[in-house]
Amino acid sequence: MSLLAIRKVSPFDAKMVAPPSKYHTHRAFILASRADGESRITKISESLDNMATLRCLSLLGTRFKRSQDGYRVFGGPYQTPENVLDVGNSGSTIHFLLALASTAPGAVIFTGDASICSRPQKPYLEALNHWGIEAWSTRGDGRPPIVVKHHDPKRLGPYVEVDGLISPWRTGLILLAPLTGHEVKVTTTGVVQESTYVFMTIAMMKQFGVEVIASSGHRSYVIPGKQYYIPTTIQIPGDISLASFGLALAALTGSHLVCSNIDLTTIHPEAAIIAALQRMGADLRINPEARSVEITGGRRLKGIDVDCSDASDMVPILSVLLALAEGRSRIKNAYQLRFKESDRLAAMCQLNKMGAGVKETADGLEFEGVEKLRGATIDSFHDHRVQMSFVIAGSVAEGTTLVSDPVAASISYPTFLSDIREIGVPIEVIDQSAKSL
Numbered sequence: 014m015s016l017l018a019i020r021k022v023s024p025f026d027a028k029m030v031a032p033p034s035k036y037h038t039h040r041a042f043i044l045a046s047r048a049d050g051e052s053r054i055t056k057i058s059e060s061l062d063n064m065a066t067l068r069c070l071s072l073l074g075t076r077f078k079r080s081q082d083g084y085r086v087f088g089g090p091y092q093t094p095e096n097v098l099d100v101g102n103s104g105s106t107i108h109f110l111l112a113l114a115s116t117a118p119g120a121v122i123f124t125g126d127a128s129i130c131s132r133p134q135k136p137y138l139e140a141l142n143h144w145g146i147e148a149w150s151t152r153g154d155g156r157p158p159i160v161v162k163h164h165d166p167k168r169l170g171p172y173v174e175v176d177g178l179i180s181p182w183r184t185g186l187i188l189l190a191p192l193t194g195h196e197v198k199v200t201t202t203g204v205v206q207e208s209t210y211v212f213m214t215i216a217m218m219k220q221f222g223v224e225v226i227a228s229s230g231h232r233s234y235v236i237p238g239k240q241y242y243i244p245t246t247i248q249i250p251g252d253i254s255l256a257s258f259g260l261a262l263a264a265l266t267g268s269h270l271v272c273s274n275i276d277l278t279t280i281h282p283e284a285a286i287i288a289a290l291q292r293m294g295a296d297l298r299i300n301p302e303a304r305s306v307e308i309t310g311g312r313r314l315k316g317i318d319v320d321c322s323d324a325s326d327m328v329p330i331l332s333v334l335l336a337l338a339e340g341r342s343r344i345k346n347a348y349q350l351r352f353k354e355s356d357r358l359a360a361m362c363q364l365n366k367m368g369a370g371v372k373e374t375a376d377g378l379e380f381e382g383v384e385k386l387r388g389a390t391i392d393s394f395h396d397h398r399v400q401m402s403f404v405i406a407g408s409v410a411e412g413t414t415l416v417s418d419p420v421a422a423s424i425s426y427p428t429f430l431s432d433i434r435e436i437g438v439p440i441e442v443i444d445q446s447a448k449s450l
């Protein structure tokens, strides 16, 4: 078994470029696939998750032609795939495409890796079936593999409701709505979380010619009728959530880092990490013209309380920051993290193995800040954000930290290890086949 071995980094003065946004690449590929004609998507993320979306769309009949700076995408009606759509580890791919796949003739079967096939989809399947789309779990437990049968979108009703806990469920319904040809209202039930991720989708749909009207509080969304996806050109922005790993490392190590390709005028839920760092007292400067964020570490960060209902993906790296912050801190309204690539709330409690004071709550985490961490052996659970966060924790800890699954970061950030090495983190892949986590 291979592990990442991480040792404490020395203070550094460095520059980094935020990698392309995985979030925006998923949405651009999918919207372009339903715009009749040629779209151009540039500066894309080539993460494993994004390549899973490209692969599945190709099986549905979308043509992709590589260009010098991205892809030319030739969209139109979906075709019956010749094979099962394997989304790998990509939750976004299966969530966004389940509803749209119903427009393909015949039936479409979705599967994925062990993590995907353990994630509950029952509320989403119920919403699809109540709307008129036959979709079911082959195992009968609401989890993938999932079969979706063809349904003419123009025969779908004007109203559909879905549980509001997981944002990609309502995103999938909203993406299909314009293909009905008539007005559709998507309503959420229960606790509404992660609305900013839906707002990101709505903003990009507008770039493809479709307007969506969101109610106050994102309880409902109206998609007016007689709208069509129109081909366009999209440049993918930098991914602030991935840049946050470098920013956090600089803040915790007395280092200086300038991270470019960060455009805070784009809609990106994880931009909330910038505000969190500012509230914690980080020496941070934003340069809108240069599209950069500069951070200088050295002072100990202060503990804060953070509501993560609309920026849940930042919880793993935020947990590392709060574990080392002075005083008490709390992450709340993050219950949805129990249904991601791993139970991220439970996974981040492994910080206690490194000497942190973390307590798991029903919907978040509580922290009693410590001044330093020590090396430990950590299970990433094949979760890219958990893995990258513990790499950062290991970079500030005394001794050596071992983290499982060296390739997990490729799910979202293929160049993570090389980027971290470049700023000086002592990190290597070792073979510890006899060692158990």
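Here our numbering is used: the first residue of the sequence shown is 14, the next is one more, and so on.
All C-beta atoms, glycine included, are put in the ideal place defined by N, C-alpha and C.
Inset, instruction - Within 10 angstroms of the Cβ of A288, are there 16 or more other Cβ atoms? Answer buried if so, exposed if not. - result: What you label residue 288 is simply residue 275 of the sequence shown in a count that begins at 1. Taking all protein chains in view, the Cβ of A288 is surrounded by fewer than 16 other Cβ atoms within 10 Å, so the residue is classified as exposed.
Inset, instruction - Measuring alpha carbon to alpha carbon, tell me which of Q349, T214, I243 and T309 ends up nearest A261. - result: Position 248 of the sequence shown, counted from the first residue, corresponds to residue 261. Nearest C-alpha to A261: T309.
Inset, instruction - Evaluate V204 with the Cβ neighbour count: other Cβ atoms within 10 Å of its Cβ, from every protein chain shown; 16 or more gives buried, anything less gives exposed. - result: Looking up residue 204 in the sequence shown gives position 191. Label assigned to V204: exposed.
Legend entry - Inter-residue spacing [alpha-carbon to alpha-carbon] between T193 and G238: Within the sequence shown, the letter at position 180 stands for residue 193. Within the sequence shown, the letter at position 225 stands for residue 238. Straight-line Cα distance between these residues: approximately 8 Å.
Inset, instruction - State the Cα-Cα distance for the pair D82 and P439, rounded to the nearest angstrom. - result: Looking up residue 82 in the sequence shown gives position 69. Looking up residue 439 in the sequence shown gives position 426. If I take the Cα positions, the gap works out to 32 Å.
Inset, instruction - Assess, as a yes-or-no matter, whether the segment 379-398 is touched by the segment 348-360 under the definition of 3 or more beta carbon pairs within less than 8 Å. - result: Touching, yes, given that three or more Cβ pairs across the two stretches are closer than 8 Å.
Inset, instruction - May I ask you to check if the CB of I249 is nearer than 7 Å to at least one heavy atom of the ligand FAD? - result: Ligands in the displayed structure: none, and consequently the ligand FAD is not present.
Inset, instruction - Name, in chain order, the residues that DSSP records as bridge partners for N300. - result: Taking the first residue of the sequence shown as 1, we reach residue 300 at position 287. Beta-bridge partners assigned by DSSP to N300: S305.
Inset, instruction - State the beta-bridge partners of P90 as determined by DSSP. - result: The sequence position of residue 90 within the sequence shown is 77, counting from 1. Beta-bridge pairing links P90 to no other residue.
Legend entry - Three-state class that DSSP yields for G104 in the structure shown: The count along the sequence shown starts at 1 and reaches residue 104 at position 91. Three-state DSSP puts G104 in a helix.
Legend entry - As assigned by DSSP and simplified to three states, the class of F380: Residue numbering aside, residue 380 sits at position 367 when the sequence shown is read from its first letter. Strand at F380.
Inset, instruction - May I have the straight-line CA-CA distance separating E51 from D276, to the nearest angstrom? - result: By 1-based counting over the sequence shown, the position of residue 51 is 38. By 1-based counting over the sequence shown, the position of residue 276 is 263. Going by the C-alpha atoms only, they are around 26 Å apart.
Legend entry - Same chain only: Cβ atoms within 6 Å of K448, ignoring 5 sequence neighbours per side: As a position in the sequence shown, residue 448 is number 435, starting the count at 1. The predicted model places K448 with a pLDDT of 48, which falls under 50 and marks its position as unreliable; any figure quoted below should be read in that light. Around K448, the same chain offers no residue with a beta carbon nearer than 6 Å, after the five sequence neighbours per side are excluded.
Legend entry - Distance CB(D376)-CB(Y348) smaller than 8 Å: Translated into the one-based positions of the sequence shown, residue 376 becomes position 363. Translated into the one-based positions of the sequence shown, residue 348 becomes position 335. With respect to Y348, D376 sits close: the two C-beta atoms are nearer than 8 Å.
Legend entry - L450 versus T390: straight-line alpha-carbon distance, rounded: Taking the first residue of the sequence shown as 1, we reach residue 450 at position 437. Taking the first residue of the sequence shown as 1, we reach residue 390 at position 377. With a pLDDT of only 46 at L450, under the threshold of 50, the placement of this residue in the model should not be trusted; the figure read from the coordinates follows. For L450 and T390, the distance between alpha carbons rounds to 6 Å.
Legend entry - Extent of the continuous alpha helix (DSSP H) run through K35: In the sequence shown, the residue the question calls residue 35 occupies position 22. Unbroken alpha helix (DSSP H) run through K35: K35 to S46.
Inset, instruction - Given a cut-off of 8 Å, decide if H163 and A117 are closer than it, judged by their beta-carbon atoms. - result: Position 104 of the sequence shown holds residue 117. Position 150 of the sequence shown holds residue 163. Cβ distance < 8 Å, so A117 and H163 count as in contact.
Legend entry - Length of the line joining the Cα atoms of F109 and G185: To locate residue 109, count along the sequence shown from 1; it is residue 96. To locate residue 185, count along the sequence shown from 1; it is residue 172. Spanning the two alpha carbons is a distance of roughly 4 Å.
Legend entry - Buried versus exposed, by CB contacts within 10 Å (16 or more), R183: By one-based count along the sequence shown, residue 183 stands at place 170. Burial call: buried.
Inset, instruction - Evaluate contact between the segment 56-65 and the segment 17-28, counting only Cβ atoms and requiring at least three cross-stretch pairs below 8 Å. - result: Output reads no: the segment 17-28 does not touch the segment 56-65.
Inset, instruction - Can you tell me which of the three DSSP states D62 falls into? - result: Looking up residue 62 in the sequence shown gives position 49. Helix at D62.
Inset, instruction - Assess, as a yes-or-no matter, whether the segment 138-151 is touched by the segment 96-107 under the definition of 3 or more beta carbon pairs within less than 8 Å. - result: No contact exists between the segment 96-107 and the segment 138-151.
Inset, instruction - Leaving aside the five residues before and after Y137 along the sequence, list all residues of the same chain whose C-beta is less than 6 Å from its C-beta, in chain order. - result: Taking the sequence shown and counting its residues from 1, one reaches residue 137 at position 124. Cβ neighbours of Y137 beyond the five flanking positions: W182.
Inset, instruction - Taking all protein chains shown into account, decide if R79 is buried (16 or more other Cβ within 10 angstroms of its Cβ) or exposed. - result: As a working note, residue 79 is residue 66 in the sequence shown. So R79 ends up on the exposed side.
Inset, instruction - Would you kindly check if the distance between the Cβ of G294 and the Cβ of G316 is under 8 Å? - result: Looking up residue 316 in the sequence shown gives position 303. Looking up residue 294 in the sequence shown gives position 281. Their beta carbons are not under 8 Å apart, which means G316 does not touch G294 by this criterion.
Inset, instruction - Sort out for me which residues DSSP pairs V319 with in a bridge. - result: Looking up residue 319 in the sequence shown gives position 306. DSSP output for V319 lists I344 as bridge partner(s).
Inset, instruction - Look at the Cβ atom of I122, then the Cβ atom of V100, and state whether they are nearer than 8 Å. - result: Taking the sequence shown and counting its residues from 1, one reaches residue 122 at position 109. Taking the sequence shown and counting its residues from 1, one reaches residue 100 at position 87. It is not a contact, given that the beta carbons lie outside the stated cut-off.
Legend entry - Continuous alpha helix (DSSP H) stretch holding E51: start and end: Position 38 of the sequence shown, counted from the start, is the residue given in the question as residue 51. Premise fails: E51 lies in the beta strand (DSSP E), G50 to T55, not in any alpha helix (DSSP H).
Legend entry - Counterpart residues of D26 in DSSP-defined beta bridges: For this step, residue 26 is matched to residue 13 along the sequence shown. Bridge partners of D26: H269.
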